[in-house]
Amino acid sequence: MTVLESGETYDTETFDGEVTGHGGAAAFLECTFDGAEMSGLRLDRARFSHCTLHEVRATDLRLVDASLLDTGLDGCRFGALDASGAELRRVRWTGGKVDYANLRSANLRDVTFSGCEFGELDLLGATVRMVRFLDCRIGRLDLTSATLTDVDLTGADLGGFDGVGGLAGATISGEQLHRLAPTFAAHLGVRIAQ
Numbered sequence: 010m011t012v013l014e015s016g017e018t019y020d021t022e023t024f025d026g027e028v029t030g031h032g033g034a035a036a037f038l039e040c041t042f043d044g045a046e047m048s049g050l051r052l053d054r055a056r057f058s059h060c061t062l063h064e065v066r067a068t069d070l071r072l073v074d075a076s077l078l079d080t081g082l083d084g085c086r087f088g089a090l091d092a093s094g095a096e097l098r099r100v101r102w103t104g105g106k107v108d109y110a111n112l113r114s115a116n117l118r119d120v121t122f123s124g125c126e127f128g129e130l131d132l133l134g135a136t137v138r139m140v141r142f143l144d145c146r147i148g149r150l151d152l153t154s155a156t157l158t159d160v161d162l163t164g165a166d167l168g169g170f171d172g173v174g175g176l177a178g179a180t181i182s183g184e185q186l187h188r189l190a191p192t193f194a195a196h197l198g199v200r201i202a203q
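Per my numbering, residue 10 is the first one in the sequence shown, and the count goes up by one each step.
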């Protein structure tokens with residue numbers, strides 16, 4: 010078991026097994042998390058740079074106001090992920106599943122989600138730039154008050170949707186447009202005759 014300390018710097022370390030503690034404001038430089046169990050870990054304001062998270066598991070994980078730069082996530086499974094206010098830049102997230110991802114007021118730039126499954130992806134008030142979803146499934150997406158620029162949603166299977174006004178700046182497919190037509194109509198106050 011590894012116990013993380015607040016404010017510490019971890020350089021080129023590998024973490025596996027159970028990882029606990031309160032690693033708030035810690036810095037992780039070129040670190041690898043390989044199959045780590047991180048349930049209940051609080052990493053608020055932590056900084057990850059050039060790190061790899063491979064098959065990490067957590068029922069709940071806090072990354073509030075954290076930053077992930079040039080970092081990759083592969084096959085990670087989270088019950089609840091609270092990354093509100095976080096900054097994600099040049100992040101590649103491949104595979105895995107998150108039941109609830111809270112990215113409210115987060116800043117995402119140059120992020121690719123590939124083969125991911127989100128029960129709910131909450132981007133309320135987030136700033137999202139140059140983000141792509143490839144072969145992803147999103148049960149419910151909330152873009153209320155979000156600002157999108159160059160966001161490609163064509164590779165996302167969207168189940169439900171909140172904050173249709175936040176779609177400005179996104180690209181969707183014709184099929185997605187057809188499925189979202191009732192949501193757009195309701196947002197605009199348009200009644201559809203049968």
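The C-beta atom is built at its ideal place from N, Cα and C for all residues, glycine as well.
Quantities reported herein were computed from a predicted structural model and do not represent experimental measurements.
- For L186, the enclosing alpha helix (DSSP H) has its first and last residue at G183 to L197.
- Take the alpha-carbon of E129 and the one of E17: they are about 32 Å apart.
- When C-alpha distances from L186 are compared across A92, H63 and G169, the shortest belongs to G169.
- In this structure, the beta-carbon distance from N111 to E96 does not fall below 9 Å.
- The closest CA to that of V12, considering only H31, T21 and T23, is found on H31.
- The criterion of a C-beta distance shorter than 9 Å is not satisfied by G105 and L70.
- With contacts defined as CB atoms closer than 9 Å, L197 and A179 fail to qualify as a contacting pair.
- By the neighbour-count definition (other C-beta atoms within 10 Å, threshold 16), A202 is an exposed residue.
- The DSSP-derived three-state label of L72 is coil.
- Ranked by Cα distance from R141, the options S154, D166 and T21 are led by D166.
- Scanning F57, R138 and T21 for the CA closest to the CA of D74 turns up F57.
- In the structure shown, G148 falls within a strand segment according to DSSP collapsed to helix, strand and coil.
- In this model, L157 and L176 are separated by some 7 Å (Cα to Cα).
- Counting the other Cβ atoms within 10 Å of the Cβ of R51 gives 16 or more, which makes it buried.
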